[in-house]
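Numbering (this note's numbering), first residue to last: 1 to 145.
Okay, structure coming up:
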């Protein structure tokens, strides 16, 4: 008895499942009108007589569009993720200067204005318009207390 292996495809050419067995067994497990090719899937979708492979995902937030066979990125989600990263960096930089504020309070002296300006500039980071091109304030030189 002849054994075969086929790959069943969805409407977009994406492999749905593979079937193997005798020709009669495979035929019994195919829905009428199913699209299939002989052999194992060797890519992400079948079109024009060849297997195609998705290009590398450009971003973790990108989703595959089966109609156009391209990665699509949600710009709002991408921007939100970028701003989240910026805020995390900003928070780390602020936390790295907290000890200066505490020390000034413990000694009953005002915090050096250069550190007040720096910390405020960090807080104002989110007023910038492009999370991919942040202009970070220069950290004051050591010795500025």
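Note that beta-carbon positions come from the ideal geometry of N, C-alpha and C, so glycine has one too.
From a predicted model like this one, the values you see are computed outputs, not experimental measurements.
query                                                                                                                        : result
Residues of its chain near residue 100, where Cβ-Cβ distance is below 6 Å and the 5 sequence neighbours each way are ignored : 115
Other residues of its chain near residue 118: CB distance less than 6 Å, five sequence neighbours each side excluded         : 137, 140
Sequence-distant residues of the same chain with beta carbon closer than 6 Å to residue 17, five excluded per side           : 8
C-alpha gap between residue 122 and residue 61, whole angstroms                                                              : 27 Å
In DSSP terms, what residue 47 is bridged to                                                                                 : 50
Contact under 8 Å by Cβ, residue 12 with residue 45                                                                          : yes
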